[in-house]
Structure formats: structure tokens, C-alpha cells
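Letter by letter, the sequence shown follows residues -27 to -1, 1 to 180 in mature numbering (1 follows the signal peptide of the UniProt record, and there is no 0).
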Amino acid sequence: MVRVWGAVVLTHRLLLLVALQAWDAQAAPKRAQGADDGIGSAYRASRLDPGYEPRGYPREGPRETKKHRDKPILTLPGKVKVKLEIKAKQSQEKEQKRSVTLTAKTIETLVRCQAKEPCERQQTQPLQAQEETSEKEAAWTFAQQVLAELVDSVLNNLCESDCSYDPIERAIETDFLPWLMAEVEKTLEEKALGRAELGCNCRNLEI
């Protein structure tokens, strides 16, 4: 970012110089026209009066040519250019130094943060483990209490509604036990009849 900002400043300065030179180039023809008017009037006056000498234009000397008129007035000397170049280089060096210092500071901060992170993790990990274990224990106790209260009521409801039963037990109760009781009753009746007959026979023999 610092290098980009320095490049932007330099381009801004160069654009200003180019704009000034262009403005001088546009204004040069107007100044040349004014100079031509002055030269023409001085020339006419000198033709009428040989001893006339115009102001600012010596009688004997090189006159202003078209090349000189088109030449822009604002021309930077070599010393000024050198100074500007030196200033630009100095500003670039300063910006580079600033960028280097900023990068060094950012690297130092990152290293510090990376060094602090493991220490903080080591300190926070046991606390987090303790919190998790305490939360799990509390949840386990609460679940046990709730289930202990619900199990009895649920089983009673299921037994009352005949939703949960053992099919073998139900078959024994409904089929096997009645058949067994009937068979036992038959055998008991047969034994009772046999005893009665034996008793009668024994009495007949005694008589």
C-alpha cells in the first residue's frame, strides 16, 4: 500500500508539470501575437524616425523567431530536476522503510499471538474438560431421576392395558392350565369311584 501511494504521488506531480507545460504552449501564440504587434509598431516608428529605439527591443540584436515563440516559457533547470528526483528517491526510500517497519511489526505481533495461543489453550483445556464432565454428570443424574419416576407408571399402564405380555405365559394360562385341571378332576373322580366300589365289595365279602 505504501509503494502504491508513493507511485500515485509521483504521477500526480508529473501530471501537474505536464498540465503547466501544455497551458504555456497554448498561451504562447497569444503572447507571440502581442509581441508581433509591438514589433510592427516599433518598426513603423523607426521607419518614420531613424533615431527611435523601442523599449525592450534593441535596434541591433537578434529578434524573436518563431521557434522561440513556440517554445514554452516554463522550463525547469537541471538543478531543479535533480532536486525533484532526489526528493522522489528520498520519499520512495522513506516509504520503503515504513513498509519494512510495518511488516516487521506485523510479523512480531503474529509471532506473539502464536506464542500466546498454545499457553492459553493449555490453560483453558483443563477448565473446559472439568466443565464438560460436570455438565455430563448433572445431565446423567437428572435423566436417572426422570426415568425412575416414569418406569413404574409406564409399566403399570402397559400391564393394565395388556400391551406387554409373555405369549408362553398367556398360552399356559389360557390353554394348558384349564386342560390340566380338567384331567386332574377326571382322575380324582375315577379314583373316588374305584374306592367306592372297593368299599362295597369289601362289605359284601364280610357279610
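Just so you know, even glycine gets a beta-carbon here, dropped at the ideal spot from N, CA and C.
From Val84 to Val(-10), what distance separates their C-alpha atoms? Using only the alpha carbons, I get a separation of about 48 Å.
Just the C-alpha distance for Leu120 and Pro151, rounded to the nearest angstrom, thanks.
Roughly 39 Å separates the two Cα atoms.
Please determine, among Ala112, Arg168, Thr(-17) and Leu166, the residue with the shortest C-alpha to C-alpha distance to Ala61.
Comparing Cα-Cα distances from Ala61 to each of Ala112, Arg168, Thr(-17) and Leu166, the minimum goes to Thr(-17).
* How many angstroms separate the CA atom of Gln65 from the CA atom of Leu(-14)? -> Approximately 15 Å between the Cα atoms of the pair.
TODO: Just the C-alpha distance for Gln118 and Cys86, rounded to the nearest angstrom, thanks.
DONE: Straight-line measurement puts the Cα of Cys86 at about 47 Å from the Cα of Gln118.
Collapsed DSSP secondary structure at Asp139 in the structure displayed: DSSP places Asp139 in coil when its eight states are reduced to three.
Open item on the list: Going by DSSP, what residue range makes up the alpha helix (DSSP H) through Glu146?
Closed with: Per DSSP, Glu146 belongs to no alpha helix (DSSP H) and is neither H nor E.
| query | In chain order, what residues of the same chain have a beta carbon less than 7 Å from the beta carbon of Cys173, not counting five sequence neighbours either side? | reply | Closer than 7 Å at Cβ, skipping near neighbours: no residue.
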